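In the numbering used here, the protein residues as written are 495 to 902.
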C-alpha cells in the first residue's frame with residue numbers, strides 16, 4: 495500500500511498556482527469594472543471558470559483523508575482516536591479559514607458599487623484605512639471553510655461505515671457522493687431562502703443554512719466532491735493502477751453530462767447565479783477533477799519507475815502543494831503590498847487584461863521560486879508546521895516528513 499501519494503501534493507500545487515495567478519490578475523486588473531458580462535471575452539470566461547475550482551481541493555482532501563484514516567484503522571488504532579484526529583484537523587483549518595477571511599484574504603467584489611469588501615490587512619495596505627469587520631465576510635463560505643467542514647464530515651462518514659462494515663467498500667462512497675450531488679439541486683431554491691433570511695434578519699435560519707448553501711463553496715455540492723475523492727482514494731488503495739479503469743469512465747460520464755447541460759442551458763456563469771447552469775458546471779467539474787486526479791496519481795505514484803528523481807517542474811508544484819495553506823493564507827497581503835510599492839513608483843500604471851495576467855503569472859512563479867529557499871529551513875514558521883504540532887497528541891500528521899529540510 496502506498497503511504498504517501500506524491501501526486502496529491504503536485505496537483506494541489508498546480509491548483510494553488512492557478513489561484514495565485516488568477517487572484518493577482520483579477521484583483522489588480524484595472525478594467526474589472528468595465529467587463530461586459532453579457533458578451534465577455536473568452537479569457538474572462540476562462541478566468542471565471544478557474545476561480546470556481548475549489549472542488550479540486552475538496553476532492554484531493556477527501557482522497558488524502560481516506561488514505562490516512564484507512565492506514566490507521568487497518569493498524570487497529572482506536573476508531574474514536576482516529577475520528578478525533580479528523581475533527582481536530584477540520585477545526586484547525588476552520589480556525590485558519592476565519593482568520594484568513596477577516597484579516598488576510600482577498601476582497602469580495604461588488605459590481606454595483608464598483609468596490610471591494612477587503613480583509614483588514616489588505617484594506618490597510620491598499621488605502622491606509624481600517625475597514626472594520628464585515629458580516630458578509632464572516633458568513634462567506636470560502637474554500638478553507640469548505641475543506642475544514644469536509645474533513646470533519648468525511649471523517650464521520652468513514653468512521654461510521656468502518657464501524658458497521660469493518661471496511662469501507664468503494665461502492666458505498668460512490669453512492670454517497672452521487673446522492674449528495676443530486677441533493678445539491680436543493681441549493682438553488684434554498685439559496686433564495688438564505689438570502690431572504692439574511693435580509694429579514696432571521697439569524698437562526700441564516701446561520702442554519704450558511705454552511706449548507708451560502709456562497710461560495712458550501713457543503714452542497716462540495717461535500718460531494720470530497721466524497722468522490724474518498725471513492726477515488728479507496729479505488730486506488732485497493733486496485734492500484736487498475737483503478738484507472740474505474741475512475742476514468744466515471745469521470746468521463748460526469749464531464750460529458752455536465753458539458754451537455756452547460757451547452758444546452760442559458761449562459762449565466764459570469765453572473766455567479768445559483769441556477770441550473772451553475773449545477774451543470776459542478777457536474778462537469780466532478781468529471782474533470784476525477785480525470786485529473788486519476789492522471790496525476792497514475793503518472794506520479796503508480797509508474798514502474800517511481801524511484802526516479804522527480805523533475806524540476808514536478809518539484810516546483812510539489813513544494814507549492816506541500817505548504818499550500820501557508821501560501822494561500824498570505825498571498826493576498828503579499829500581493830497588495832507588492833502592488834502598493836509598484837504603483838507608488840509608477841503612479842500612471844494601468845494593467846489591462848493581458849498585462850494583469852502576465853503579472854499574475856510572474857507572481858505565481860515568484861512564489862514557487864521563494865519556496866526553493868524556504869524549503870531549506872524545513873518551512874520554518876509555516877502553518878503546516880503548527881498543524882503538525884497541533885496534531886501530535888491525536889496521532890500526528892503524515893505531513894511532518896514532507897516538511898523536513900532536504901539533505902544537502
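We put the beta carbon where it would ideally sit given N, CA and C, even for glycine.
Note that the coordinates shown come from a computational prediction; the quantities given were computed from them, not determined experimentally.
Quick one: using the 10 Å Cβ neighbour count with 16 as the cut-off for buried, is residue i buried or exposed?
i	result
residue 589	exposed
residue 553	buried
residue 690	exposed
residue 757	exposed
residue 486	Only positions 495 to 902 of the chain appear in this structure, which leaves residue 486 out of reach.
residue 500	buried
residue 871	exposed
residue 522	buried
residue 825	buried
residue 768	buried
residue 653	buried
residue 600	buried
residue 685	buried
residue 503	buried
residue 681	buried
residue 864	exposed
residue 537	exposed
residue 772	buried
residue 555	buried
residue 815	buried
residue 718	buried
residue 703	buried
residue 567	buried
Taking the alpha-carbon positions, what's the residue i to residue j distance?
i	j	result
residue 800	residue 823	Since pLDDT at residue 800 reaches only 49, below the 50 mark, its modelled position is unreliable, and no value is offered.
residue 517	residue 749	26 Å
residue 902	residue 679	Low confidence applies to residue 902: its pLDDT is 46, below 50, so where it sits in the model is not reliable enough to give any reading.
residue 745	residue 790	14 Å
residue 783	residue 549	8 Å
residue 565	residue 881	20 Å
residue 867	residue 831	21 Å
residue 687	residue 875	43 Å
residue 602	residue 528	17 Å
residue 847	residue 840	18 Å
residue 449	residue 849	As displayed, the chain neither begins before 495 nor continues past 902, which places residue 449 out of reach and without an answer.
residue 806	residue 785	24 Å
residue 469	residue 715	The displayed coordinates of the chain run from 495 to 902. Any statement about residue 469 would go beyond what the structure contains.
residue 804	residue 731	22 Å
residue 694	residue 701	13 Å
residue 761	residue 692	27 Å
residue 829	residue 869	21 Å
residue 569	residue 792	26 Å
Please say whether residue j and residue i have beta carbons closer to each other than 8 Å?
i	j	result
residue 579	residue 885	yes
residue 667	residue 755	no
residue 817	residue 728	no
residue 618	residue 610	no
residue 964	residue 735	Shown here, the chain extends from 495 to 902; a query on residue 964 therefore has no answer.
residue 664	residue 725	yes
residue 713	residue 780	no
residue 649	residue 738	no
residue 645	residue 587	yes
residue 708	residue 633	yes
residue 845	residue 524	yes
residue 651	residue 670	yes
residue 642	residue 591	yes
residue 595	residue 631	yes
Let me check understanding here. Comparing Cα to Cα, which of the options lies closest to residue i?
i	options	result
residue 647	529, 852, 527, 583	583
residue 903	709, 836, 893	The first residue shown for the chain is 495 and the last is 902, placing residue 903 beyond what the model contains.
residue 512	828, 502, 545	545
residue 571	533, 528, 657	657
residue 593	574, 850, 605, 635	635
residue 541	621, 520, 549	520
residue 821	804, 858, 706	858
residue 557	710, 741, 632	741
residue 827	808, 597, 633	597
residue 860	847, 535, 810, 605	810
residue 543	829, 776, 699	776
residue 605	526, 699, 696, 505	526
residue 774	793, 792, 794, 747	747
residue 621	837, 842, 843, 498	837
With a cut-off of 8 Å on the beta carbons, I'd call residue i and residue j a contact; round off their distance for me.
i	j	result
residue 813	residue 509	Not quite, the Cβ-Cβ distance comes to about 14 Å (not below 8 Å), so this is no contact.
residue 637	residue 551	6 Å
residue 759	residue 770	5 Å
residue 889	residue 576	7 Å
residue 851	residue 879	Contact doesn't hold; Cβ gap of about 33 Å is too wide.
residue 877	residue 819	5 Å
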